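Everything on this sheet refers to the single structure shown next.
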Amino acid sequence: GAAAMATMELVHAIGLNGSAEQPLHVIQPESAGDNGTHDLVYASGGCVVLASLRDAHCQEFLRAHDAAITCLSVSGSGALACSGQHGDNPDAIVWDLQRRVQLFRLQEHDHGVASVGFSQDERFLYTMGVSQDSKLVVWDLQTGCIVSTQVLNKPAHCIAWGGRKKDIKGRDTTMLQLATAGSAYLKIWTLDPATGSLTSEDCVTGISRNYSCLAFSEDREYIFAGSTSGDFSALHVKNKVMHCVTAACSNAVASMLALPPDARFPNEPYRIIVGGGDGSVTLYAGDGRHFRDLAAVQLEGAVSSVQLHGPNSFDLPLPLIAATSKGFIYQASLDAAHLSARRVVQQSHCGPVPAVAFAPGAAAAVATAGVDGTIALWDLSSYNVMTHGSCQVSKTGAPLAISFSGEVIFTGWADGKLRAHDAEDGALLWTIDDAHRNGATALQTAHNSKFIVSGGDNGEVRAWEIRTRDMIRHLKQHTMTVTSLQISPDDSKVVSASRDRSILVWDLAQGTRLSALYQQMGGINSVALFMDENGEATQLVSVGQDKKMSFWHTSDRSPIESIGDGIGEQHAIAANSTGTLFATAGADAKVRLWQYNPTALLLEGVGHSAAVLSLAFSPDDKQLVSVGDDGNVLVWNIYQ
Numbered sequence: 001g002a003a004a005m006a007t008m009e010l011v012h013a014i015g016l017n018g019s020a021e022q023p024l025h026v027i028q029p030e031s032a033g034d035n036g037t038h039d040l041v042y043a044s045g046g047c048v049v050l051a052s053l054r055d056a057h058c059q060e061f062l063r064a065h066d067a068a069i070t071c072l073s074v075s076g077s078g079a080l081a082c083s084g085q086h087g088d089n090p091d092a093i094v095w096d097l098q099r100r101v102q103l104f105r106l107q108e109h110d111h112g113v114a115s116v117g118f119s120q121d122e123r124f125l126y127t128m129g130v131s132q133d134s135k136l137v138v139w140d141l142q143t144g145c146i147v148s149t150q151v152l153n154k155p156a157h158c159i160a161w162g163g164r165k166k167d168i169k170g171r172d173t174t175m176l177q178l179a180t181a182g183s184a185y186l187k188i189w190t191l192d193p194a195t196g197s198l199t200s201e202d203c204v205t206g207i208s209r210n211y212s213c214l215a216f217s218e219d220r221e222y223i224f225a226g227s228t229s230g231d232f233s234a235l236h237v238k239n240k241v242m243h244c245v246t247a248a249c250s251n252a253v254a255s256m257l258a259l260p261p262d263a264r265f266p267n268e269p270y271r272i273i274v275g276g277g278d279g280s281v282t283l284y285a286g287d288g289r290h291f292r293d294l295a296a297v298q299l300e301g302a303v304s305s306v307q308l309h310g311p312n313s314f315d316l317p318l319p320l321i322a323a324t325s326k327g328f329i330y331q332a333s334l335d336a337a338h339l340s341a342r343r344v345v346q347q348s349h350c351g352p353v354p355a356v357a358f359a360p361g362a363a364a365a366v367a368t369a370g371v372d373g374t375i376a377l378w379d380l381s382s383y384n385v386m387t388h389g390s391c392q393v394s395k396t397g398a399p400l401a402i403s404f405s406g407e408v409i410f411t412g413w414a415d416g417k418l419r420a421h422d423a424e425d426g427a428l429l430w431t432i433d434d435a436h437r438n439g440a441t442a443l444q445t446a447h448n449s450k451f452i453v454s455g456g457d458n459g460e461v462r463a464w465e466i467r468t469r470d471m472i473r474h475l476k477q478h479t480m481t482v483t484s485l486q487i488s489p490d491d492s493k494v495v496s497a498s499r500d501r502s503i504l505v506w507d508l509a510q511g512t513r514l515s516a517l518y519q520q521m522g523g524i525n526s527v528a529l530f531m532d533e534n535g536e537a538t539q540l541v542s543v544g545q546d547k548k549m550s551f552w553h554t555s556d557r558s559p560i561e562s563i564g565d566g567i568g569e570q571h572a573i574a575a576n577s578t579g580t581l582f583a584t585a586g587a588d589a590k591v592r593l594w595q596y597n598p599t600a601l602l603l604e605g606v607g608h609s610a611a612v613l614s615l616a617f618s619p620d621d622k623q624l625v626s627v628g629d630d631g632n633v634l635v636w637n638i639y640q
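Residue numbers (full-length UniProt numbering): 1 to 640.
Structure below.
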């Protein structure tokens with residue numbers, strides 16, 4: 001029927017690799033060759049995302065990584081980008097941002113790529129491996145060939161291009177320079193592009209510091225080196241000595257941006273913005289031997305990227321875009337103390353997202369829970385966070401399951417407690433303390449919103465009246481973790497699936513077991529419920545550790561059919577409201593859309609870069625939301 005024509009496309013990614021190296025860059029909209037719609041480029045999971053500050057719906061995705069992007073660079077003109085990853089395929093990929101295509105896949109590193117960067121003339125690119133790899137490679141961007149390879153005998157924690165090297169009289173030569181720094185050292189390298197020779201000189205740093213980031217001044221007379229001690233040193237490039245150290249933040253310096261000199265203040269030609277591990281962003285001005293702070297703004301999370309936004313780079317307030325380790329992208333204006341302002345452009349989870357849920361009949365918002373202890377309610381028209389709640393994960397453990405009634409967001413946690421947060425303001429309303437002995441691993445809200453059903457790590461299934469928070473049912477036959485629960489549309493039955501290889505169907509009114517279904521191999525990860533021709537909830541589809549999809553009738557203890565054609569282990573399954581379509585997702589990071597009857601694979605959705613943990617269809621069946629280990633919340637449109 002009509003479902004055979006169903007298809008799906010990724011429309012939005014909510015995510016930011018906030019702890020990556022320089023995860024966010026600003027481009028002049030014209031440079032991306034698309035009439036000026038995109039002005040941000042950032043890393044989200046394994047995707048490079050082009051986005052717009054003015055329109056949250058305006059996103060494009062560049063995909064070629066099979067793991068999270070660990071470093072990102074954009075060339076000065078905005079024409080090129082380069083992204084690197086860790087893992088089994090630790091490649092760096094060079095992108096043409098105008099044509100949205102991959103130019104080169106650079107496969108020279110083992111274990112991971114720690115940093116990438118374009119030379120000022122956009123002719124060369126460095127890629128630096130993680131410490132186990134310890135290679136520094138310079139590439140020619142006209143050919144994609146290696147210009148020079150250097151094995152670093154000391155691990156470098158940061159690296160920066162310094163443009164053309166000057167001769168003794170201060171004139172540009174054909175040589176290029178770079179700097180690398182790490183624990184108690186800073187080196188300046190000279191590259192001869194013609195021969196590929198790469199030679200280094202050590203700087204006298206004067207004090208012992210573990211350097212965390214580097215930036216050359218615009219005139220290349222100084223190099224600024226931020227450290228894990230929260231200060232930055234100014235080192236004279238020609239003499240290779242340190243001229244001063246300036247305390248900047250109460251944590252490591254996470255990012256720095258050297259600004260062009262302001263001709264109106266010849267006594268303080270050097271200006272630098274320092275992004276702190278404590279969330280501070282501060283503008284300093286000085287002459288190389290002394291610096292003072294002129295303006296500051298406070299953000300949430302370590303400032304992993306700070307960029308100017310707009311033509312003004314001289315007068316306060318300075319317009320900035322910044323990214324932080326807490327998953328925020330900010331638009332900020334840097335001004336004298338009390339005048340600074342900030343606006344959240346995008347918020348996202350930082351770390352894996354194990355659970356997602358819609359409220360019955362409400363397609364406008366979706367709730368998610370992250371292992372960092374945050375609960376978010378997302379407005380799907382703007383992709384903003386409407387409500388934000390959180391728990392201290394050191395006390396509660398991670399959230400394992402979520403359910404949403406419309407007024408209340410229910411969550412099950414690793415400490416065995418059920419928690420309820422207000423959907424309006426995110427406040428913790430109440431806790432059921434001993435809901436489960438270990439973790440509360442599965443959760444569903446009844447269609448009548450009068451009770452919730454929870455499943456636990458020890459195999460028990462329990463029903464709770466929401467108004468009184470009393471336990472009204474205790475159903476214990478599973479011998480291992482309950483992984484998934486489904487409540488029939490009339491709220492009379494609950495289906496529980498478990499790691500013990502069984503699916504049990506319970507009569508909630510009587511508190512008795514109606515049927516037991518068993519799988520031969522492997523635990524069951526997730527189950528979806530379908531109606532038969534009489535409108536009874538008697539048909540099930542499960543996915544599990546046997547790497548198969550199994551089809552069941554509640555009257556038959558063995559599966560009617562099992563499909564396992566190389567889809568790997570699937571962690572989640574969800575059905576749409578009419579039962580015509582369902583989706584599965586799991587270890588291989590793909591989101592698969594299936595027709596239910598007759599069963600047919602319609603589409604494999606690519607977007608996640610790590611295992612997908614949970615899926616939910618919107619109640620109007622027009623969208624599917626997937627979440628997982630890469631920290632991304634992906635929104636897919638379903639067309640049928």
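Just so it is clear, CB atoms sit at the ideal spot from N, CA and C, and this is done for glycine as well. These numbers come from a predicted model, not from an experiment.
With 16 or more other CB atoms across the displayed protein chains lying within 10 angstroms of its CB, Lys493 is buried.
DSSP places Val241 inside the beta strand (DSSP E), whose first and last residues are Val241 to Ala247.
Taking a contact to require three or more Cβ pairs closer than 8 Å, the stretch 592-610 and the stretch 16-28 do not qualify as touching. For Lys590, no alpha helix (DSSP H) run applies, since DSSP gives it neither H nor E.
Ranked by Cα distance from Gly129, the first of Glu122, Asp278 and Gly117 is Gly117.
With a 10 Å radius around the Cβ and a threshold of 16 neighbouring Cβ atoms, Arg171 comes out exposed. Note on His57: under 16 other CB atoms within 10 angstroms of its CB, so exposed under the neighbour-count rule. When Gly112, Met8, Asp500 and Ala616 are compared, the shortest CA-CA separation from Ala363 is found for Ala616. Here the alpha carbons of Val204 and His309 stand approximately 35 Å from one another.
An exposed status is given to Asp490, since fewer than 16 other beta-carbon atoms sit within 10 Å of its beta-carbon. Rounded to the nearest whole angstrom, the C-alpha separation of Ala322 and Cys213 is 16 Å. By the neighbour-count criterion, in which 16 or more other beta carbons inside 10 Å mark a residue as buried, Cys158 falls on the buried side. Listed in chain order, the beta strand (DSSP E) runs fully inside the stretch 53-123 are 59-63, 69-74, 80-85, 92-96, 101-106 and 113-118, counting runs of at least 3 residues.
Taken in chain order, the complete beta strand (DSSP E) segments of 3 or more residues contained in the stretch 542-614 are 549-553, 561-563, 570-575, 581-586, 591-595 and 600-605. Judged by DSSP in its simplified three-state form, Ser394 adopts helix.
Secondary structure note for Phe291: its beta strand (DSSP E) is the uninterrupted segment Phe291 to Gln298.
CA-to-CA, the gap between Val241 and Asn17 works out to about 35 Å. The residue among Pro354, Leu517 and Ala215 with its C-alpha nearest the C-alpha of Gln477 is Leu517. Listed in chain order, the non-local C-beta contacts of Gly579 below 7 Å within the same chain comprise Phe530, Met531 and Tyr596, local neighbours out to five positions each way being set aside. Of the residues assessed, Asp110 falls on the exposed side of the cut-off, its CB having fewer than 16 other CB atoms within 10 angstroms. Of the other Cβ atoms in all chains shown, 16 or more fall within 10 Å of the Cβ of Tyr222; this residue is therefore buried.
The closest CA to that of Ala509, considering only Ser614, Phe451, Leu62 and Asp372, is found on Phe451. One thing to note: Ser449 has its Cβ within 7 Å of the Cβ of Ser405. The three-state secondary structure of Ala285, taken from DSSP, is strand.
Nearest Cα to Ala369 within the set Arg501, Val625, Leu283 and Gly84: Val625. Under the three-state reduction of DSSP, His338 is assigned to helix. Met5 carries a helical assignment under DSSP once its states are collapsed to helix, strand and coil. Checking the DSSP bridge columns, you'll see Asn210 partnered with Ser183.
Contact between Val303 and Val627 does not hold, since the beta-carbon distance rounds to 26 Å and is not under 8 Å.
In the DSSP assignment, the residues bridged to Arg419 are Thr411 and Thr431. Contact fails between the stretch 517-528 and the stretch 462-474, because fewer than three Cβ pairs, one in each stretch, are under 8 Å apart. In the three-state DSSP reduction, Asn448 falls in the coil class, being neither helix nor strand.
Counting along the chain, no beta strand (DSSP E) covers His478, and no H or E run does either. Going by beta carbons, Asp140 and Val147 fall inside the 7 Å limit. Contact check for Ala295 against Leu316 passes: the beta carbons are separated by less than 7 Å.
When C-alpha distances from Ile563 are compared across Met549, Leu504 and Ser488, the shortest belongs to Met549.
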